[in-house]
Ligand code: PLP
């Protein structure tokens, strides 16, 4: 056995053969930088995978995890608790929009989505609306990779090879409207009417069949699609009119990415359920969860017999002690270092910096909100996605980590980024985009 043989590990969402022919290995991380195995420092323009909001190797979080591992490595979560789970739930409710009551834990964004969808179905049934089994998602939505998530999700490549998926799912159209909203800085002007798709689905299927509608406030994974002005409000109003639960998938937008704890606060629209993961533990220990509005837990409990398990759902690692310790320490760091406010303060500079790339030949659109940006390129001469991937590869070689999806570059740096680092990311991109064909 050769320990450095790359063939045994089947890598996720990776072109395995291409990677193994030309690997990119990370061996360390500190602050705004990853360290590559050849000793190079790589400036993190993506907060890992949209998750390391406080940067890497944050001493307080590291210490909390180390101490927790020594004190209580594991506690079974069914029919027993450990104090940090309750403390964390209270802290999260304090961060949530007004009117949220409970937190349920899981281990990832994908599991948070499954948990949210199941909770919505259980709530409808518990309140006597058991015919509401239909789930509505959106084209170009990404809700992780489990069966519920890919069913409500709207990415053909993630759905096509996996059979029939969930029955009774429908989709809104996505909100991307390049004809009217190109190069918008911040929230696009046009497209609130696209929310009326939900009204159309109500007319088609009947409200009494629809349990919930799930959307990402900003569809990040499919290229940073910022919701048009008034869109989320309109979705909220249609859900209210028809007894449909509104779920915001905030796996990326939670924990300061938009300068507020959740996107719900940034947009001033409160859903009924919020999913979270990633920044919850600053990416350090896998953890996800949902926040539910007051009344959901109570209704589900009231429908179950006294002494019965009210919601038959949960994971071996729900509320894992290491995850809770990491989350509590992350929340401390976010608060004490004022990172959400810092992100809000950096937003104008960030917006100006990314939009300064406008005019570079292959760029066909630039979009941004909070500390997120999407830069869309015309497909290169070697086929869809190849130009963006080559830019990604070149950026890695030159010490900047970006993310690409198809022909779109997505940026989402840690909220601790400094002004010169914003400039360095944008200048590196400017040079490399101009050089790659
Ligand atoms: N939901 C959204 C909006 C996401 O962006 C992601 C991941 O990027 C997920 C769910 C899935 O999260 P995970 O990869 O932790 O399962």
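Numbering (our numbering), first residue to last: 91 to 527. Glycine is no exception: its CB is placed at the ideal position from the N, C-alpha and C atoms. Please read all numbers here as calculations on a predicted model, not as lab measurements.
Proximity of the beta carbon of residue 339 to ligand 1 is indicated: a heavy atom of the ligand is located closer than 6 Å. Relative to the Cα of residue 481, the nearest Cα in the group 297, 275 and 515 belongs to 515. Taken from the Cβ of residue 198, at least one heavy atom of ligand 1 lies inside 6 Å. Under the three-state reduction of DSSP output, residue 243 falls in the coil class, being neither helix nor strand.
Residue 300 has its alpha-carbon roughly 6 Å from the corresponding atom of residue 225. With a threshold of 6 Å, the Cβ atom of residue 306 counts as near ligand 1, since some heavy atom of the ligand is closer than that. Under DSSP, the beta-bridge partners assigned to residue 366 are 379. By the beta-carbon neighbour count (other beta carbons within 10 angstroms, threshold 16), residue 462 is buried. Taken through DSSP and simplified to helix, strand or coil, residue 487 comes out as helix. Residue 167 and residue 409 do touch by the CB rule: their CB atoms are close to 5 Å apart, below 8 Å.
For residue 198, the closest of 108, 509 and 378 by C-alpha to C-alpha distance is 378. Taken in chain order, the unbroken stretches of alpha helix (DSSP H) that lie wholly in the stretch 444-517 and span 4 residues or more are 476-487. The beta carbons of residue 313 and residue 496 sit about 7 Å from each other, so the pair counts as a contact at 8 Å.
Taking 7 Å as the cut-off, the Cβ atoms of residue 322 and residue 329 do not count as close. Among the bridge pairs identified by DSSP, residue 194 is matched with 380. DSSP places residue 137 in the uninterrupted alpha helix (DSSP H) bounded by 137-140. Residue 176 is bridged by DSSP to nothing; it lacks a bridge partner. Excluding sequence positions up to five before and after residue 277, its CB lies within less than 8 Å of the CB of 316, 317, 318, 319 and 459, all in the same chain and listed in chain order. Looking at the DSSP output, residue 123 shares a beta bridge with 120 and 133.
Going by C-alpha positions, residue 122 is about 20 Å away from residue 155. For residue 117 and residue 126, the gap between their C-alpha atoms comes out near 6 Å. DSSP lists no bridge partner for residue 282.
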